[in-house]
Amino acid sequence: NEELTLEEKAEICSELELQQKYADIASNIIGDLSSLPMVGKIVGTIAAAAMTVAHVGSGRLDIEQTLLGCSDLPFDQIKEILETRFNEVDRKLESHSAALEEITKLVDKSISAVEKTRKQMNKRFDEVMKSIQDAKVSPIVSKINNFAKYFDAEKERVRGLKLNDYILKLEEPNGILLHFKDVRTPKDDSLQSPLFSIIQERYAIPKTVDDELAFKVLYAILYGTQTYVSVMFFLLEQYSFLANHYYEKGDLEKYDEYFNNLNNVFLDFKSSLVGSGASNNEGLIDNVLQVLMTVKSNEFLGLGKNSLEEMLNEKINLFSKIKEEIEGKQRMTLSETPENFARISFEKDITTPIGDWRDSREVRYAVQYASETLFSKIGHWSDPVSVRAKACPTLRMPVDQTRRNVLVFRKFDNSKPQLVGEITPYQSNFIDIDRDLYNAASNPDSAVGFMEFKKLISNGANIRAVFNQGRTVFHAAAKSGNDKIMIELTFFSKYTDINQPDKKGYTPIHVAADSGNAGIVNLLIRSGISVNSKTYNFLQTPLHLAAQRGFVATFQRLMESPEININERDKDGFTPLHYAVRGGERILEAFINQAGIDVNVKSDKGLTPFHLAVIKNDWPVASTLLRSKKIDINAIDENNMTALHYAAILGFLETTKQLINLKEINANAVSSPGLLSALHYAILYKHDDVALFLLKSSKVNYNLKAFGDITPLHLAVMQGRKQVLSEMFNIGININQKTAEKYTPLHLAAMSKYPELVEILLDQGSNLEAKTITGATPLNLATFKGKSQAALILLKDEVNWREPDENGQMPIHGAAMNGLLDVAQAILYLDATVLDIEDKNLDTPLNLAAQNSHIDMVKYFIDLGAKVNTRNKKGQAPLLAFSKKGNLDMVKYLFDKNANVYIADNDGLNFFYYAVRNGHLNIVKYAMSEKDKFEWSTTDNNRSDGCSGECAISHFAVCDAVQYDKIEIVKYFVGTLGHYSICSPLHQAARYGHIHIVKYLVEEEVLSVDGSKPDTPLCYASENGHLAVVQYLIRNGAKVNHDCANGMTAIDKAITKNQLQVVQILAENGVDFRRKNRLDATPFLTAVASNSYEIAEYLIREKRQNININEQNGNKETALHLAVYYKNLQMIKLLVKYGIDENIRNGYDKTALDIARDNKISSIVEYLQTKSGKFRREYKSSNGEHDLLHENRISNFTDSKNLEYQHQHFINADNDASQSFSNTAANQNIDVIGTLLLIDVLIRRFSKQGYINNKPDSASDGIAQAAALAITEKFEDILNSLHNKSTEEQVDFAEVHRKIYAALRSGRNSQVHQVLCSSLKSISTLKPEDIKKLVSVVLSFQSSISLPEVSASAREVYGETLHLFHES
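Sequential numbering of the sequence shown, starting at -8, is according to our numbering.
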C-alpha cells in the first residue's frame, strides 16, 4: 500500500495504454511552447487538463485506471517533462551559426521520424523481452534492450540539465558522447554486435506463421536499428549544439573542434549504416531491409498477419527514407580547411576611435568556405595587425577557383569574434565596414552610435548587409531605440528595407515593440510599415509582443495606427488580449478600454483571457477583466472547461473562493465528454482544501453525476481522500451511490490501494452484498483484484463468501487465481464445501491456482483433499498446467498425489505432449525414464493403433517437437530411436522451415536429403516457400527433379503455391523444364494454369531457352488456351506480348479465341480480335450437325484438396492420398446425402451459366449409345473401387445406362448429372472413407477419360459432373 514512484506508476499505467497518449499530448503542447502567451505552470495546466479529458475521452472515467492512480499521472509527468523541455528550449533559443543551420534541419527532420516510431515500439519491446526465453536469442536481444534503455535514460537526463551543467556533461572525458560513438564498434556493450549476430544467424526470419520467437526477434532488430539511427542523430545534435555554443561565445577553435567531430561522426555512422561505396560493404540498414523483404516475401503473411505486413511496409519505407537521406548527404562539412591569404591595408579615411577600433588593439581575421548547404571549418587566424589611427581595413584575397563564398570573421585581441561579412565568388576585395555600422546602430549610447553611424555611412557602409539571424542595421536600431539612426535610415531607404524580416520573420517594428521602444514604433508607423505583419513560426504581430511585455506606451503608439487589428490571432488563435494577461494589470486595462475589443475572445482551443488569468493564479488581472462588465466568467473551452474547473484542477483555493463568490458563477458546470464538475476535478487531483470548500458551498451539487454516473463520493474513494470522505459523511451523503456499472463506494474501496477505507465505509453502513452489473460483490472484487487486506476485512463482517458473479466465480476462485493464501484459508475455515466448487468454465480453485502457478496454494488445496484430476471445459488440468510451464517438481508432486498420467485436454494432449510442444526436455526425459511406472498401451487422440504404447508416444513426440521447433527434444528422441515408421523428422523440418533442425538431421544424424518416401524434403520446403531450407538441401545433393507425391516435382509444388523465389533457386540448379507432371503439364504450363503470373513472366523472360512458349499438353492445349479458361486477361496479354501463336488449335480444333467466344468472355474476345486482326472460322464436326465444344479440363491442373488426416496442425507425411479417414467424431458427422445434394445444386448452377449447352442437341443413335456406355462404365468402375458390396447391390447400372442414353438421344443433356446424382443418393451406406476413396478414384479416372466422338454438350456434362463432384 506504499505510494508508487512516478516510474512505477508510469509502468503500470502504460499497460493500460495511457502512457503513449499522455506523451503524445505533451509533445503537441511542448511543440507549441513559444506560441503560448505565457510559459511556466500554465503550460502544465493546459496539458494536465487536456490529458484528463483524454483520460475520459472514451466516454467514462475508467475506474480501474483511476484506482491505480493513473488519473493524476499526466499532471505529475507533464511537470517533469516540461521542466526538462523548458531547459532544452532555453538552450535551443540560442542562434545557430549559418554553418550549422542546414545540419540542424537534417537532424531535426530525421530524428523526429525515427524517434516517433521508436517510442511507439518502446512499450511493446519490454513485453517482447519478457517473453523471449530462447537460450541463444535471449542474451543477444537483452544487449539491445539494455543499450536502448541506457540510451533513453541518459538522453533524457542530459536534456533536462541547465545550460552550464549540460555543457559540462557533454564535455566529460570518456563521457556519454564517446560511449555513444562506440555503438558502431564490435564492443560487447555496443549495438553493432547483437544486431549483426541476429542478421547473420537469421534469427529474425520467421519460418512459419506461428514462429513467434522469430517475430519477436524481428521486432527487436527493428527497435535496435532505430535506436542505432537515433544515436547517430543524437550525437549530431549534441556536437552541433557544442559547435554553435562556442561559436556564440567566440571560441572558434572549440567551434572548429566540434565542427570537425560532427563531420567525423556522420561519416563513421554513414559507413556503418549504409555501407562504403569503395569496399562494396553493405551497411546495417541494407541488411535490415533485406531481412524485412525476406519476411515480407513469405506467403504465410496472408494467414492472419495483415498487421505485420502493414508494419513491414512501414519499416521498409522508414529505413529506405533514412538511407536515402544519409546517402544523399556526402559530408556534413567541406573537407578543405581554408588558407588565410588575406592582405590587410587601411585605405579608408576613417580615424580611430570608432566602435571596436582603438589604437594599440590587435585585429585578426579568419575565413570559412560556404558552398550551398556545406561549410568548412574556420581557418587559422591571420597574424595580428595593430590598430594605429585608422579603422575599417580592406582585405585582398585571391578569387576562390571553385566559386565558393567566403565568410569573414574578425577578432580584436582576445574578445569574442564576429562575422563581419561575406565575399562572393568573383570578389577579391572586401572592406571591413558593414559590421561596424551594425554595431553602431546597436550601441546603447545613442549619441555615440549616431556619430559613428554618420561617419560609416559617408564612407560607403552598406545598410542592407545581413548579420545575426538575418538581421540588418534596421533591426539593430529598432532594438537599441536609436531614433536618430532610424530617422536617417527611413529617410534614405526603400519601404522593403524598413519592412525586411529576419530569419524568424521579425521585422524592425516587431523588434521595437518587443523592446518597448515606443518612439521607434511611432516612427516606423509614420513611415508606412505594416503594423499587422506576423512572425514566421508563431504568427505574432508587434501588438502581441508589446502586450506580452506589458509596454503600455508602445501599445498606445500601435493603437494609433488606423490599420491595427486588435483582435489579430497568432498560430494557435491567441489574440494580443490573451498575451496581455501575462503583461499585467496596466496593459490589460489599456486593452479593455479600447473600442472593438472582444474580452471573451477564444483561442483555437477555446481559452479566453479570463481562463488564462485564473490559470496563472493572478486574481488582480482577473479582477481587471471583471471590471469590463462584459466578461463571461462561465465561458467554456473546447472541452467545456470553465475557469472554475482550472482553479480546481490546479488547487488554487483563494481563486476558487473568489470565483464561487461571484453571483453569476455556474458552480456545477461540467466538462465534456467526462461531465466532470469542479468538485470532481478537485478530488481527482487530490486538492483536499479546494474540495472541502466546494462541499460546504450551497452552490455546489455534491451528488452530481459524471459520465458513467460517477459522483464525487466515488472519486473520493478511488483517490483515498479520507478528509473529504469525512466531510461527505457529515453532510449526510448517500454512501451506497451506484455508478452506471453499479459500483458502490464499497466496491471501489475493495479494489483500491486503501484497505482502511473498507472499514470506514462498513462503519457507515455500506451494503456488503451490493452487486455490480457483472454480479460481483465487494468481496468478489477484492479477491479478483488481489487485494488481500480488503478481503480479510470483509470476511470479518459476516459477508456472503458463496456469492457467485456472472461467470459463476466466487471469492475462493479469485483468491486461488491471485495466490491469496491467507484469504483462501479464511474462506475454507468458514466453509470447507467450496474447496472443489466449479465456476461456469468448470474451473475449481485448485485448477485456477495451478494455471497461475501459485504452488503454495496448490499444495494447500491438495492437502485439504481437493480433486487433483479436475478438468475445466477445455480439458485443462493442474498436471497439464505445470507440464506446460516446465515445472518438473510439481509434475512429480502431482503424480505422488495420484494425478492421472493419461489426463488430457479436449485435443487429446496429455502432460507428455504439453512438455514436448513447449520444449521442456526435463519433463520429457522424466516421462521416458519412468516408462515402467506408466501404462503406455492406451491410445489417445494423437496415437494410432499401428504403433501403440511407447512406440507411438515417441514417434508422435518427434512430429510435435519438429513442428514446434524444439530442437533439443528432437535431438533427444532422434538419438534414441532406430526408425521413423510414423514420422519422418527431416520431411517435417523441411515442411515447417526449421533450418537448424534440417541441418542437424542431415549433418549429425546423416539422414538422406531425398528421404525414402514419395514426397521428398525438397518437395515440402519448395511448396511452403522455405528458401533457406531449399538452398541447403540442394547444396547437400537433393535431386531437384525427384518425384513428389501425385506425380509432381518440387518446381511444380512451388509453382502451384506461387513461390517465385523458390522457382528461381530451382531453375538455377538444374531443374528439367521439359518434364511433364501427372497432369501432362510442364512447369511453364503449370504456372499458367495456376495463375502464377510472376512465375510465368520469369520463365518467359529469364528461361526462354528452356521452354517452348507454344508447347501443348496432352489435350494439345497451349498456355493461351489455359489462360482463357481461367479468364486471366493479364496472363493472356503477357503471352501475346512474347509471341505465343494465337492460331494453334487444341485437340477439339479450338483456338483460344474460339473458346473465349464459346464462353462469351467479351473482354478476352475483344482483346484477341484486336491482336489477331481477323476472325477465326467456326469449325464444324465431321457430320456437320453440331458445334464441338471443348471438354472442360480445368481441374486437370489443380491438385486435389488435401484430405489427409491432421495430427493437430501436423499433417502426417506418410499418409498417401488413398489412405482412409480415421474414425474421428468430426468425420463421422459428415452429411453424405447433404454433400451429394450440394453437388447437384452446384452442377445446376453451372449448367445455367452455359457450361452445358442448353439448346436441343440430340445425337445419332450410335453416338448416344457409345457415350452412355462410356459414362456408365466409368461410373460403375468408380463405385466398384469402394469395395462396398451393398453399394453394388443398391445401384442398377442397366437402369443408369438406359436413362443416360435416353437423355443424350433426346438432347436433354442436362439430365445426365441428375441420373448420376440420384444413383449416389440411393446408396445409404456410404461412409466418410468411401467419399474420400471416391474422390481419389475420380481424379485418376478423370485424367484418363477418353470419350467417343459425341456432341460437345454430352462431353461437357461428364467432365463438369466429375469436376464439380471433385471440387465439392
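For each residue, glycine too, the CB sits at the ideal point set by N, CA and C.
Q | Runs of alpha helix (DSSP H) wholly within the stretch 1091 to 1167 (minimum 4 residues, chain order) | A | 1110 to 1116, 1120 to 1128, 1143 to 1149, 1153 to 1163
Q.
Which of the three DSSP states is assigned to Arg387 in this structure?
A. Residue mapping note: residue 387 aligns to position 396 of the sequence shown, counting from 1. Residue state, collapsed to three classes: strand.
Q: Assess, as a yes-or-no matter, whether the stretch 375 to 382 is touched by the stretch 340 to 347 under the definition of 3 or more beta carbon pairs within less than 8 Å.
A: yes
(Q) By the three-class DSSP mapping on this structure, what secondary structure does Gln1302 have? (A) Taking the first residue of the sequence shown as 1, we reach residue 1302 at position 1311. DSSP places Gln1302 in helix when its eight states are reduced to three.
Q) Excluding sequence positions up to five away, which residues of its chain have a Cβ less than 7 Å from the Cβ of Asn897? A) Residue mapping note: residue 897 aligns to position 906 of the sequence shown, counting from 1. Within the same chain, Asn897 has close Cβ partners Lys865, Gly866.
Q. Asn136 lies in the beta strand (DSSP E); which residues open and close that run?
A. Taking the sequence shown and counting its residues from 1, the one referred to as residue 136 is at position 145. Segment 128 to 150 is the alpha helix (DSSP H) holding Asn136; no beta strand (DSSP E) there.
**Q.** Exposure label - Lys593; buried when at least 16 CB within 10 Å
**A.** Walking along the sequence shown from the start, residue 593 turns up at place 602. When all chains shown are included, Lys593 counts as buried.
Q) Name the DSSP beta bridge partners of Ile422, please? A) Here the question's residue 422 lines up with position 431 in the sequence shown. Its beta-bridge partners are Thr385.
Q. Excluding the five sequence neighbours on either side, which residues of its own chain have a C-beta within less than 6 Å of the C-beta of Asn631, listed in chain order?
A. Within the sequence shown, residue 631 is the residue found at index 640, counting from 1. Excluding residues within five positions, the ones whose Cβ falls inside 6 Å are Ser662, Ser663.
Q) Where do the ends of the beta strand (DSSP E) carrying Gly412 lie? A) Within the sequence shown, numbered from 1, the residue matching residue 412 stands at position 421. Per DSSP, Gly412 belongs to the beta strand (DSSP E) from 409 to 414.
Q: Excluding the 5 residues preceding and the 5 following Thr1226 in the sequence, name in chain order all residues of the same chain whose CB lies nearer than 6 Å to its CB.
A: The sequence position of residue 1226 within the sequence shown is 1235, counting from 1. Residue confidence for Thr1226 is low, a pLDDT of 46 falling below 50, so the modelled location carries little weight; the figure read from the coordinates is stated next. For Thr1226, where only same-chain residues beyond five positions count, there are no Cβ hits under 6 Å.
Q. Tell me which same chain residues have a C-beta within less than 7 Å of the C-beta of Asp474, skipping the five on either side of it?
A. Numbered from its first residue, the sequence shown carries residue 474 at position 483. Gly510, Ile511, Leu514.
Q) In the stretch 825 to 884, which residue ranges form an unbroken alpha helix (DSSP H) of at least 4 residues, counting only runs that do not cross its ends? A) 836 to 842, 846 to 854, 869 to 876
Q | Nearest to Phe260 (by Cα), restricted to the options Phe224, Tyr230, Arg1026 | A | Translated into the one-based positions of the sequence shown, residue 260 becomes position 269. Considering only alpha carbons, the answer is Phe224.
Q) Based on Cα-Cα distance, which residue from Ala1058, Lys924, Gly899, Lys1107 lies nearest to Arg1095? A) Counting from one through the sequence shown, the residue named residue 1095 turns up at place 1104. The option with the nearest alpha carbon to Arg1095 is Ala1058.
Q. Where does the unbroken alpha helix (DSSP H) through Leu706 begin, and where does it stop?
A. Within the sequence shown, the letter at position 715 stands for residue 706. Residues 703 to 709.
Q) DSSP three-state call for Gln1371: helix, strand or coil? A) In the structure displayed, the chain extends from -8 to 1359; residue 1371 sits before or after that span and is not available.
Q | Three-pair Cβ contact test at 8 Å for the stretch 310 to 317 versus the stretch 353 to 361 | A | no
Q. If you run the structure through DSSP and keep just helix, strand and coil, what is Asn254?
A. Counting from 1 along the sequence shown, the entry for residue 254 is found at position 263. Three-state DSSP puts Asn254 in a helix.
Q) CA-CA distance, Arg862 and Leu819? A) On the sequence shown, position 871 is the one that residue 862 refers to. On the sequence shown, position 828 is the one that residue 819 refers to. Taking the straight line from one Cα to the other gives about 21 Å.
Q. Count the other CB atoms within 10 Å of the CB of Tyr955; is the residue buried (16 or more) or exposed (fewer)?
A. Counting from 1 along the sequence shown, the entry for residue 955 is found at position 964. By the neighbour-count rule (16 or more Cβ atoms within 10 Å), Tyr955 is buried.
Q. Less than 8 Å separating the beta-carbons of Val715 and Leu739?
A. Against the sequence shown, residue 715 aligns to sequence position 724. Against the sequence shown, residue 739 aligns to sequence position 748. Not in contact: Val715 and Leu739 (Cβ atoms no closer than 8 Å).
**Q.** Backbone CA spacing between Ser1023 and Val965 [nearest angstrom]
**A.** For the purposes of this step, residue 1023 is taken as the residue at position 1032 of the sequence shown. For the purposes of this step, residue 965 is taken as the residue at position 974 of the sequence shown. Residue identity differs from the one stated: residue 1023 is Tyr in this sequence, not Ser. Each residue's Cα considered, the two are about 21 Å apart.
Q. Which residues bound the beta strand (DSSP E) around Arg334?
A. If you number the sequence shown from 1, residue 334 lands on position 343. Residues 334 to 336.
Q. Among the residues of its own chain, which have a CB less than 6 Å from the CB of Thr835, if the five just before and after it don't count?
A. As a position in the sequence shown, residue 835 is number 844, starting the count at 1. For Thr835, where only same-chain residues beyond five positions count, the Cβ hits under 6 Å are Asp827, Glu829, Thr861.
Q | Short Cβ contact (8 Å threshold) for Ala815 with Ile803 | A | Locating residue 815 in the sequence shown gives position 824, counting from the first residue. Locating residue 803 in the sequence shown gives position 812, counting from the first residue. It is a contact, given that the beta carbons lie within the stated cut-off.
Q.
Less than 7 Å between C-beta atoms, sequence neighbours within five positions excluded: which residues of the same chain meet that for Arg1065?
A. By one-based count along the sequence shown, residue 1065 stands at place 1074. Cβ neighbours of Arg1065 beyond the five flanking positions: Thr1073.
Q. Can you pull the DSSP bridge partners for Lys916?
A. Here the question's residue 916 lines up with position 925 in the sequence shown. Bridge partners of Lys916: none, in fact.
Q: Hey, could you find the ends of the beta strand (DSSP E) Lys402 is sitting in?
A: For the purposes of this step, residue 402 is identified with residue 411 of the sequence shown, where counting begins at 1. Element bounds for Lys402: 396 to 403.
(Q) Report the CB separation of Leu1018 from Ile1046 in whole angstroms; it is logged as a contact under 8 Å. (A) Start at 1 with the first residue of the sequence shown, and residue 1018 comes out as number 1027. Start at 1 with the first residue of the sequence shown, and residue 1046 comes out as number 1055. Not really, about 15 Å apart at Cβ, beyond 8 Å.
Q) From Lys287 to Asn308, what distance separates their C-alpha atoms? A) The residue labelled residue 287 in the question sits at position 296 within the sequence shown. The residue labelled residue 308 in the question sits at position 317 within the sequence shown. Taking the straight line from one Cα to the other gives about 13 Å.
(Q) DSSP three-state label for Thr342, please. (A) As a working mapping, residue 342 is identified with position 351 in the sequence shown. The answer is strand: DSSP assigns Thr342 an E or B state.
Q. Across which residues does DSSP place Asp1034 in a beta bridge pair?
A. In the sequence shown, counting from the first residue as 1, residue 1034 sits at position 1043. Answer is Thr1040, bridged to Asp1034.
Q: Sort out for me which residues DSSP pairs Arg560 with in a bridge.
A: For the purposes of this step, residue 560 is taken as the residue at position 569 of the sequence shown. Arg560 is not bridged to any residue.
**Q.** Among Leu386, His371, Ser351, nearest to Ser336 - alpha-carbon criterion
**A.** Along the sequence shown, one-based indexing puts residue 336 at 345. Nearest of Leu386, His371, Ser351 to Ser336, Cα basis: Leu386.
Q) Can at least three beta-carbon pairs, one atom from the stretch 365 to 375 and one from the stretch 416 to 434, be found at a separation below 8 Å? A) no
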